[in-house]
Amino acid sequence: MKFNKKIVWISVIAVALALGGIYIASRQNAITHVIRDNNFEGSEKEWCDSLLDKLVVIDKKNCQIGEQKISQYSLTKKKHYAEKDCVRVVGYATDDNRELMLHLSDGNCIAVGKSDKKQKSSQRTHKVTFMDYDNNVLKTEIVLQNKNATPPMVKERDVIDKNLSPLLPLIANEKITIKH
6 MKFNKKIVWI SVIAVALALG GIYIASRQNA ITHVIRDNNF EGSEKEWCDS LLDKLVVIDK
66 KNCQIGEQKI SQYSLTKKKH YAEKDCVRVV GYATDDNREL MLHLSDGNCI AVGKSDKKQK
126 SSQRTHKVTF MDYDNNVLKT EIVLQNKNAT PPMVKERDVI DKNLSPLLPL IANEKITIKH
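Below is the structure:
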């Protein structure tokens with residue numbers, strides 16, 4: 006009977022080690038799996054570089070960056086992105102746990118999986134802030150060097166300039182709208 010207990014314990018330990026090894030291997034090769042799924046020929050760094058300045062579209066459970074589809078991802082701030090939002094990938098780096106993080110132009114990050122080695126984008130980025138005439142921030146965006154920022158869509162406003170003097174006499178009960 007002792008012989009059977011030893012065999013059972015050895016079998017349980019062997020199965021646990023095998024499953025642990027499979028789990029670790031699958032997490033470490035998560036980026037390799039994404040690259041292979043997208044038929045990208047090149048290294049992990051080349052794949053990351055190819056994503057720079059590409060539009061990000063996330064709806065429900067689908068994530069697409071340029072032409073690349075990413076099946077497993079997580080966002081630091083939960084959000085959906087449409088093409089009209091013009092959110093782009095502006096950088097990438099691995100965190101302390103070797104999780105590859107794609108940095109987006111709105112300040113959000115996408116974790117796409119474990120990386121085989123430390124990665125960091127070499128392109129410089131700049132923070133662009135669009136201000137209103139009265140110093141209200143309309144939009145803040147991070148852009149790659151030598152790339153353009155997307156200006157915000159601003160609704161039309163009725164502005165009356167106190168310094169304008171009309172050429173015609175005005176009746177007090179009329180509304181005047183001046184468009185520049």
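Positions in the sequence shown are counted from 1; adding 5 to them yields the working numbering.
Don't be surprised by glycine CBs; every beta carbon is placed ideally from N, CA and C.
Just so we're clear, the structure is a prediction, and the values are computed from it rather than from any experiment.
Asked: Sequence-distant residues of its chain with Cβ nearer than 6 Å to Ile63 (five each side left out); Found: His85, Tyr86
Asked: Buried versus exposed, by CB contacts within 10 Å (16 or more), Glu146; Found: buried
Asked: Nearest-angstrom Cβ-Cβ length linking Arg93 and Asp58, presumed shorter than 8 Å; Found: 5 Å
Asked: Gly96, buried or exposed, once every other Cβ within 10 Å from all chains shown has been counted against 16; Found: buried
Asked: Rounded straight-line distance, which links the Cα of Ile15 to that of Lys83; Found: 44 Å
Asked: C-beta contact flag for Lys89 and Glu104 at 8 Å; Found: no
Asked: Top-ranked residue by Cα proximity to Val148, from Lys11, Val20, Val159, Phe135; Found: Phe135
Asked: Test item: CB-CB of Ile70 and Trp52 under 8 Å; Found: no
Asked: Nearest-angstrom Cα separation, counted from Glu72 out to Thr155; Found: 21 Å
Asked: Own chain partners of Lys132 with C-beta closer than 6 Å, once the 5 adjacent residues on each side are dropped; Found: Ile147
Asked: Cβ shell of Cys114 (< 6 Å), same chain only, five flanking positions each side left out; Found: Thr81, Met106, His108
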